[in-house]
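Novice: Counted the way the numbering used here counts, the sequence shown spans residues 1213 to 1660.
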Amino acid sequence: MKLTILGGGGFRVPLVYGALLADRAEGRVTAVTLYDTDADRLTAVARVLADQAEGVPDAPTVLATTELDEALRGADFIFSAIRVGGLEGRAADERVALDEGVLGQETVGAGGIAYGLRTVPVAVALARRIAAVAPDAWVINFTNPAGLVTEAMSRHLGDRVIGICDSPVGLGRRIARLLGADPGRAWIDYAGLNHLGWVRGLYIDGRDELPRLLADPELLGSFEEGKLFGAELLRSLGAIPNEYLHYYYFNREAVRAYQDAEQTRGAFLRDQQEGFYARMRDPATPALTAWDRTRAEREATYMSENRDVAGAGERAESDLESGGYEQVALALMRAVARNERTSLILNVRNRTTLSVLDADAVIEVPCLVDANGAHPVAVAPLPYHAVGLVTAVKAVERAVLDAAATGSRATAVQAFALHPLVDSVAVARRLVDGYTKAHPGLAYLNRA
Ligand code: G6P
Ligand code: MN
């Protein structure tokens, strides 16, 4: 099996390679091709992978290239994990939004829209190339905003592109462990869009155990989402929201905390990552050690402003271990490659799963996966509070896709204006002005 990683110079690539190294089963990935537009970053990451492979018999071979077609040719699986505009772009997304008093997170609110507007045209170009050069490959999209980008690519790749995220898995795992259950045996009733979903039930041996958690204030106060949202809100919803809903339910507090922070998340990561890639230019730097230290710091500081707002304290030790994205991706690849039937929460086209959305809308729900791909399973209908947010945000995503396809500035303004976390059309207009000034990649928004 050949795996190609687009964005192969990215910082999280060693997590994927580590998961591949641990896979000894038949039909495993034996060749990895890293594609990136930045040769320096490729060299840095390839050094970390070489350290990881040391002493492992039959470690997957690694080839790095800046030639797209060469990377795509013959690939069985393609991971897309790109960051258009880099972390400097992410920092600009945050700054422009916060200056307008709205959220600039990379996947939620104004920041997510800006990031989507810049990323969709690039993702579409890649999807077109894949359709031409590697039409039989399965594409696993990691690129944020993951739901929107997966939907953009699905218009060219159909159901051969599947989007993934670690947050529903992490949430399900936390709840199962709290309830004393084996996460691998639990069925999680989760539904929504990427970074906009709710766990409405958690079944163990056919019985919904979530009510037991919701009825126990002490248990509720003991895990990440309980601390973020508070027991009262969770009990009133009768569900556990994805952590990203903190940006909606506590928007004012989150915006203020991000405005008051010394540095935004994007600016912190930009500096941190610059430091890492710079150190890697010195051949004396121990690659794997340097990478792992940087990774640990990144994990420990994840969503720290939100946790400060909620007084949630440090992240739990068990949430710092890896086992997120790379495990979901590996499980998905194994199920497809070996027809090993499994269930995973994935971003796929809706078909008829959520009746409030059309068939082509990419949603995030439990899926059965086998050699024929990912098939969404029937879930309970969304409650109205979720319908409100999910349909509003899908309308925003559709406006982003339209703006990216037509170059219409008015449609881009509409995308911002329709978002529940942007409170005025005037703000939306200024956001489009600010973002087009900050990002050369948005110059295409030059039509009425
Ligand atoms: C989680 C989310 C991802 C996101 C990452 C951001 O894993 O599910 O979508 O990319 O966190 O972490 P960062 O360290 O970039 O803030
Ligand atoms: Mn995610």
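Just so it is clear, CB atoms sit at the ideal spot from N, CA and C, and this is done for glycine as well.
Relative to the alpha-carbon of R1385, which residue among S1530, L1315 and A1549 has its alpha-carbon at the smallest distance?
Specialist: S1530
Novice: Could you pull out every residue in the same chain whose Cβ sits closer than 6 Å to the Cβ of C1377, ignoring the five residues on either side in sequence?
Specialist: A1358 and N1406
Novice: Would you mind working out which of E1318, L1218 and G1396 sits nearest Y1514, comparing C-alpha positions?
Specialist: E1318
Novice: For ligand 1, any of its heavy atoms closer than 7 Å to the Cβ of A1358?
Specialist: yes
Novice: Could you spell out where the alpha helix (DSSP H) holding I1342 opens and where it closes?
Specialist: G1321 to V1345
Novice: Ordered along the chain, which non-local residues of its own chain (more than five positions away) have a Cβ less than 8 Å from that of A1262?
Specialist: V1274 and A1499
Novice: For G1600, is the classification buried or exposed, using 16 other Cβ atoms within 10 angstroms of its Cβ as the cut-off for buried?
Specialist: exposed
Novice: Name the residue from L1233, P1593, R1240 and N1353 whose alpha carbon lies nearest to the alpha carbon of I1290.
Specialist: N1353
Novice: Using the DSSP secondary-structure output, state which residues sit across from Y1415 in a beta bridge.
Specialist: W1399 and D1420
Novice: Determine whether the Cβ of T1501 lies closer than 8 Å to any Cβ atom of chain C.
Specialist: In the structure shown, chain C cannot be found, because there is only a single protein chain.
Novice: On the DSSP bridge list, what partners appear for P1578?
Specialist: For P1578, the pairing in a beta bridge is given by DSSP as I1557.
Novice: Alpha carbon to alpha carbon, how far is D1305 from L1481? Give it in angstroms, no decimals.
Specialist: 13 Å
Novice: Out of curiosity, what's the CA-to-CA distance linking L1422 and L1414?
Specialist: Distance from the CA atom of L1422 to the CA atom of L1414, rounded to whole angstroms, is 5 Å.
Novice: Could you compute how far the alpha carbon of L1232 sits from the alpha carbon of Q1539?
Specialist: 9 Å
Novice: I1294 by DSSP, collapsed to three states: which one?
Specialist: coil
Novice: Using a Cβ-based criterion (distance less than 7 Å to any ligand heavy atom), does D1378 qualify as near ligand 1?
Specialist: yes
Novice: Quick one, are the C-beta atoms of A1451 and R1412 less than 8 Å apart?
Specialist: yes
Novice: Please specify which runs of the alpha helix (DSSP H), each continuous and at least 4 residues long, are wholly inside the region 1254-1296, giving them in chain order.
Specialist: Counting whole runs of 4 or more residues, the region 1254-1296 contains the alpha helix (DSSP H) stretches 1280-1284.
Novice: Quick check on DSSP: helix, strand or coil for P1595?
Specialist: coil
Novice: Determine whether the beta carbon atoms of L1383 and Y1456 lie at a separation below 8 Å.
Specialist: no
Novice: Just checking my contact of G1653 with R1330 at CB under 8 Å: how many whole Å lie between their CB atoms?
Specialist: 5 Å
Novice: Taking DSSP as the reference, what is the three-state secondary structure of G1230?
Specialist: helix
Novice: If you drop the 5 nearest sequence neighbours on each side, which residues of the same chain put their C-beta closer than 8 Å to that of R1389?
Specialist: Same-chain partners within the cutoff: P1395 and S1530.
Novice: Distance check for D1428 and E1300, CA to CA, integer angstroms please.
Specialist: 44 Å
Novice: Using a threshold of 8 Å, state whether the C-beta atoms of T1564 and A1573 are closer than that.
Specialist: no
Novice: When the Cα of S1667 is compared with those of A1398, Y1402, V1373 and P1595, which residue comes out closest?
Specialist: Only positions 1213 to 1660 of the chain appear in this structure, which leaves residue 1667 out of reach.
Novice: Nearest to V1260 by CA position, among L1542, D1281, S1448 and L1227, is which residue?
Specialist: L1227
Novice: Is there at least one non-hydrogen atom of ligand 2 closer than 7 Å to the beta-carbon of H1458?
Specialist: no
Novice: Taking T1648 as part of the beta strand (DSSP E), name the residues at either end of that continuous run.
Specialist: Looking at the DSSP string, T1648 is not in any beta strand (DSSP E); the run it does join, the alpha helix (DSSP H), is V1637 to A1650.
Novice: Hey, would you say R1341 sits closer than 8 Å to L1426, going by beta carbons?
Specialist: no
Novice: To the nearest angstrom, report how far apart D1250 and L1594 are at their CA atoms.
Specialist: Approximately 43 Å, taken between the alpha carbons.
Novice: If S1292 sits next to L1218, beta carbons under 8 Å apart, how far is it from one beta carbon to the other, in whole angstroms?
Specialist: Indeed, because the Cβ distance is near 5 Å, the residues count as touching under 8 Å.
Novice: With I1376 as the anchor, note down where its alpha helix (DSSP H) starts and where it stops.
Specialist: Careful: I1376 lies outside any alpha helix (DSSP H) and carries neither H nor E.
Novice: I'd like the list of long-range same chain contacts for A1650, defined as Cβ closer than 7 Å, with 5 residues on each side in sequence excluded.
Specialist: A1304 and V1308
Novice: Does the region 1546-1563 touch the region 1514-1524, meaning 3 or more C-beta pairs lie closer than 8 Å?
Specialist: no
Novice: Measure the C-alpha to C-alpha separation of T1245 and R1419 and round it to an integer number of angstroms.
Specialist: 44 Å
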